[in-house]
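Numbering (the UniProt record's numbering), first residue to last: 1 to 306.
A short write-up of the structure that comes next.
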Amino acid sequence: MDALPQAVLLTRAGLVTRVNASAVRLWGVPQERASGRPVLEVVRRHTLETLLERGGELELEVTGRTLRCTATRSGEHTALIVEDVTEHRRREAELREATAVLSHEFRTPVAALRGVLEALEYDMPRDLSQNFVRQGLQETERLARLVEDLAVGFRPTRARTLPLAEAFTRAERLLKADLHARGAAVTFGADHLVRADPDKLLQVLLNLIENALKYGPAGQRVEVVTAERGTWVEVSVLDRGTPIPDTENLFRAHTRGRAATGQGSGMGLYIVRSIVQGWGGQAWAERRGDANAFCFTLPGVGGLGL
């Protein structure tokens, strides 16, 4: 019994007969003091005393730990087994979060592929159809890289030097149908050379611009503004929506703004901050005049052409 990682407490007729080494460490009562005492004097929780009387299983949160408690009875003999499952529950939470992140990241390339395939159903000039095929291949490659990321963990990878205009062009093309449907427009600021994973950078831009289109006024112009900040480049996405209280809270996982409608995972801004922090930058939101500004920074590479 003393070799077991679980805490084990045995009783007879309501009095403790044996506690193993793990139970001594958990409740701080050695065997010689525990033996012959009522259960409550050792475990100091009415919940566990009741569990021993009735049998069954429950989980308790105790000083930041999660304990799975199981009680069995045979006549006047009972046994209480307590296992620390804190690490197991933490891993379960990480898995749920990873699943939410993945589903969010897969959404954009899947939607783009659907649009390409729907367009290819119709007759069109060869050069136009080839352009759609190239777009589809590009998004397929992006999906393949996301699948590869499953094996190596979630972190920014494949960073290279690129002009921001490259990411802006990809984002504008993928958002073209949405912009047309909403009667909206997006403008992009000055170009800068930056160091980033192109797919991760695109994901950040799409999340912020899509949010601006969703929550800003219909038919608005979304502005993407750029500026040098020392060795960093700041990118800000501005919309003319109503002021947002408590913007910091929006960057937490599974959190959506009060004005949010329809379905949504509440993971978009959480993913944005996670990606940006991965390359050492910052992500935040603020009010600038009559606009909401969602901003992030990424490493710059001097002036264009260097």
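All residues carry an ideal CB built from backbone N, CA and C; glycine is no exception.
Just so you know, these numbers come straight off a predicted model, no measurement behind them.
Of the residues the options, the one placed nearest residue i, counting alpha carbons only
i	options	result
Thr72	Asp84, Leu48, Arg90 and Ala93	Leu48
His88	Gly75, Glu97 and Thr66	Thr66
Lys200	Tyr215, Ser22, Glu172 and Arg160	Arg160
Glu139	Asp127, Arg173 and Tyr122	Arg173
Phe296	Thr63, Glu97, Arg229 and Leu117	Arg229
Gly75	Arg54, Leu58 and Asp178	Arg54
Gln6	Thr17, Ala23, Ala13 and Val29	Ala23
Val222	Pro163, Val133, His46 and Ala171	Ala171
Leu250	Arg68, Ile271 and Thr63	Ile271
Arg45	Pro30, Ala13 and Leu80	Leu80
residue 308	Leu269, Asp127 and Pro243	The structure shown does not extend to residue 308, since the chain is modelled only from 1 to 306, so the question has no answer here.
Asn131	Ala13, Leu202, Val225 and Val116	Val116
Arg158	Val194, Leu179 and Pro198	Pro198
Pro245	Pro30, Gly64 and Asn292	Asn292
Local conformation of residue i per DSSP, three classes
i	result
Arg229	strand
Leu201	helix
Asp239	strand
Gly189	coil
Ala177	helix
Gly278	helix
residue 309	Nothing about residue 309 can be reported from this structure: the residues present for the chain run from 1 to 306 only.
Gly56	strand
Arg134	helix
Arg252	coil
Val42	helix
Glu121	coil
Gly300	strand
Val116	helix
Val24	helix
Arg37	coil
Val19	strand
Val224	strand
Asp127	helix
Euclidean distance between Cα positions of residue i and residue j
i	j	result
Ile275	Ala196	10 Å
Trp279	Leu4	44 Å
Leu60	Leu51	12 Å
Leu113	Leu143	10 Å
Asp2	Glu32	15 Å
Ala218	Ala181	10 Å
His77	Leu15	9 Å
Leu26	Val19	10 Å
residue 308	Gln277	Residue coverage of the chain in this structure runs from 1 to 306, which leaves residue 308 outside it and unanswerable.
Ala21	Val8	8 Å
Pro163	His192	6 Å
Glu57	Thr11	17 Å
Lys214	Val133	28 Å
Thr231	Glu166	20 Å
Gln135	Ser129	10 Å
Phe294	Ala177	23 Å
Gly289	Glu121	46 Å
Val42	Glu248	45 Å
Ala119	Pro125	12 Å
Leu235	Arg273	Here residue 235 turns out to be Val, not Leu, going by the sequence shown. Roughly 13 Å between the two C-alpha positions.
Leu202	Arg252	20 Å
Leu102	Pro299	25 Å
Leu40	Val62	16 Å
Val224	Phe168	9 Å
Bridge partners - residue i, DSSP secondary structure assignment
i	result
Ser74	His77
Thr66	Glu61
Asp84	Leu67
Ala171	In DSSP, Ala171 forms no bridge with anything.
Thr161	Arg195
Asn292	Asp239 and Arg287
Glu210	Answer is none; Glu210 lacks a bridge partner.
residue 347	The structure shown does not extend to residue 347, since the chain spans only 1 to 306, so no value can be given for it.
Distance cut-off 7 Å: residue i Cβ against heavy atoms of the ligand SAH
i	result
Glu121	Ligands displayed in this structure: none; no statement on the ligand SAH is therefore possible.
- prompt: Are at least three pairs of beta-carbons, each pair with one atom in the stretch 279-289 and one in the stretch 175-187, less than 8 Å apart?
  reply: Here the stretch 279-289 makes no contact with the stretch 175-187; the two share fewer than three CB pairs at distances below 8 Å.
query: Taking one C-beta from the stretch 30-48 and one from the stretch 86-95 each time, how about it: are there three or more such pairs within less than 8 Å?
result: These segments do not touch.
message: Does the structure place the stretch 230-247 close enough to the stretch 205-222 that three or more beta carbon pairs sit under 8 Å?
response: Using a C-beta cut-off of 8 Å, the stretch 205-222 makes contact with the stretch 230-247, since at least three inter-stretch Cβ pairs fall below that distance.
message: Could you check whether the stretch 75-86 touches the stretch 106-123, counting it as contact only if at least three pairs of C-beta atoms, one from each stretch, sit closer than 8 Å?
response: Taking 8 Å as the limit for Cβ pairs, the verdict is that the stretch 106-123 does not touch the stretch 75-86.
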